[in-house]
Amino acid sequence: MNEAGAWTDERVELLKKLWSDGLSASQIAAELGNVTRNAVIGKVHRLGLSGRAKSAAQPAAPRNAAPRKAPTRSPSHPMASPVAHATRGANALAPNFAPEAEVEAAPLPSDDVVIPFSERVTIMDLREYMCRWPMGDPTSPDFRFCGARSQTGLPYCAHHSRIAYQPAADRRRDRSKARA
DNA sequence: CCCTGATTCGC
DNA sequence: GCGAATCAGG
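In terms of the working numbering, the first sequence has 67 at position 64, counting the first letter as 1, and numbering is strictly consecutive.
Printed below as a string of structure tokens:
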């Protein structure tokens, strides 16, 4: 039998299909099984795919110096960073709320379900990786955000992303496997 | 915090 | 050819 992680024609075909289908490398890797997302990406590049739904070509990112073997992990902090703490507070809490931009399912207070209180955060505790799903009136003093881990590139967590965008054909984010 | 694809390079 | 390590961006 073929090796589990071997790129047979079958697997390559599936790879092409899924890649052109818009699935992410990790998703494809999970689907194929016994391969990492890096393997998928590597194969994609070798096949000449890459950049499926992106610009024809990136602005030639000067990716110089990338010694993955002898990384300069020793003198990493000769001086460290001079406290790059940019206090971004004190900004106006402009209620520039877009009730209906493209989100028909307005954030009703009724969907507090499945959202534990402990997860809720104020704008003060809101981090970049936290879900910004508004809960309650922005004008209300007890206005809170979901605060759960937000999805990549999205301002909301997985749960609220689904509600917000209501994809015509939802992609099953099956990351249940392939996770050492 | 997590994820994304892109790239390099030892194997 | 392969893919881990690494990078850079979101």
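Here a beta-carbon is modelled for each residue, glycine too, at the ideal position from N, C-alpha and C.
Residues near residue i in its chain [Cβ-Cβ closer than 7 Å; skip 5 each side]
{"i": "W10", "result": "K46"}
{"i": "W22", "result": "I31, V47, L52, R55"}
{"i": "T39", "result": "A32"}
{"i": "N37", "result": "A7, G8"}
{"i": "Y132", "result": "R152, S153"}
Bridge-paired residues (DSSP) for residue i
{"i": "M133", "result": "R152"}
{"i": "V124", "result": "F148"}
For residue j and residue i, believed in contact at Cβ under 8 Å, the rounded distance
{"i": "V124", "j": "R147", "result": "6 Å"}
{"i": "R14", "j": "L35", "result": "6 Å"}
{"i": "L18", "j": "V43", "result": "7 Å"}
Same chain only: Cβ atoms within 6 Å of residue i, ignoring 5 sequence neighbours per side
{"i": "L129", "result": "F148"}
{"i": "A29", "result": "Ala is not the amino acid found at residue 29; the sequence shown has Ser there. R40, listed in sequence order."}
Contacts around residue i, its chain only, beta-carbon distance under 8 Å, and the 5 residues preceding and following it disregarded
{"i": "S27", "result": "R40"}
{"i": "R135", "result": "L129, F148, C149, S153, P158, Y159"}
{"i": "G139", "result": "P112, D145, F146, R147"}
{"i": "D12", "result": "none"}
{"i": "K185", "result": "The question about residue 185 has no answer, for the chain in this structure spans 4 to 183."}
Closer than 8 Å: residue i CB and nearest the ligand ADP heavy atom
{"i": "C149", "result": "With respect to the ligand ADP, the structure offers nothing, as it holds no ligand at all."}
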